[in-house]
Amino acid sequence: MSTQPTTPATPPAGTNYLDLGITLALHNWPALTLAVQSLWGGPTSADKRDWLCGAISEMLATRPETDSYDLEDVLVQVMTDEFDVDVDDESAAAVADQIMEMKAQTERGEYAGIQHMWEVYQRKGGETAVAGIQRAAGAAGEDDSEDDEEDEEMDVDMDDDAPALVRAPREKVEPEVDDDGFTTVVSKKRR
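Numbering-wise, the sequence shown is residues 2 to 192 according to the numbering used here.
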């Protein structure tokens, strides 16, 4: 018998890409991102999002019959239980559909879509790229130079200080005392 050390089996490339796709889809979900950034799940909100990524990956691996409806139910349930958010804008269904589409792609050995999402995510700087991933995924065929030109046209000189929006102090109304020593009460509207 040989005593070669056993190396842990590495997961297939498709599994790694699917895990990455799930993570990107959840980081791209505005409802979850807002919940994490606002700490609606407490100080461990980011950890809860990471846990959800792993739970979805495990669910898809251990229960191949999982469909987008099951996945949507899990997403809505976790948002309600962990972040105290009622998702009623159909966005959970869109995220579930996106994840199931990525699962189908990885099963076919197609990784280009997930690689593109990853590249966009890295280019935008990670956490701040959440809105950019969705925009870039929807406009994958557009030329970036057009966006740059639009950004330059919309630049505004912000050197001037904005006027302070502070209420002017009210004059304090002195109480009126009549001849008998009584104070006249004036309504707040007339002050």
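Positions of the beta carbon are idealized from the N, C-alpha and C atoms, including for glycine.
What is the residue span of the alpha helix (DSSP H) that residue i lies within?
i, result
"PHE84", "69–84"
"VAL96", "92–108"
"ASP51", "46–63"
"TRP41", "First-last for TRP41: undefined, no H or E at that position."
"VAL121", "113–125"
State the Cα-Cα distance for the pair residue i and residue j, rounded to the nearest angstrom.
i, j, result
"THR193", "ASN29", "Lying before the first or after the last residue shown, residue 193 is absent from the chain, which here runs from 2 to 192."
"THR81", "CYS54", "16 angstroms"
"GLY22", "ALA93", "15 angstroms"
"ALA105", "THR34", "25 angstroms"
"LEU61", "ASP98", "13 angstroms"
"ASP71", "ILE57", "10 angstroms"
"ALA95", "VAL37", "19 angstroms"
"LYS125", "ASP51", "20 angstroms"
"VAL121", "LEU25", "10 angstroms"
"MET103", "VAL79", "21 angstroms"
"HIS117", "ARG109", "17 angstroms"
"ASP85", "GLU66", "28 angstroms"
Quick check on the burial criterion: 16 or more other C-beta atoms within 10 angstroms. Buried or exposed for residue i?
i, result
"LEU40", "exposed"
"GLU73", "buried"
"ALA47", "exposed"
"ASP20", "buried"
"TYR112", "buried"
"VAL186", "exposed"
"THR45", "exposed"
"GLU150", "Note that GLU150 has pLDDT 48, beneath the 50 cutoff, so the model's placement of it is unreliable and the number below is only indicative. With fewer than 16 other Cβ atoms within 10 Å, it is exposed."
Excluding the 5 residues preceding and the 5 following residue i in the sequence, name in chain order all residues of the same chain whose CB lies nearer than 6 angstroms to its CB.
i, result
"GLU83", "GLY42, LYS49"
"THR184", "PRO176, VAL178"
"TYR18", "THR107, TYR112, ILE115"
"ALA32", "VAL88, SER92"
Relative to the C-alpha of residue i, which residue among the options is closest?
i, options, result
"ASP87", "LEU76, VAL96, ALA95, ALA97", "LEU76"
"ARG64", "LEU25, ALA32, MET101", "MET101"
"GLU91", "SER69, ARG109, LEU25", "SER69"
Counting only the same chain and skipping the five closest in sequence on each side, list residues whose C-beta sits under 7 angstroms from that of residue i.
i, result
"TRP119", "LEU21, LEU25"
"ASP181", "none"
With a threshold of 7 angstroms (Cβ to nearest heavy atom), would residue i be considered close to the ligand HEM?
i, result
"GLU111", "Annotation note on the ligand HEM: not contained in the displayed structure, which lists no ligands."
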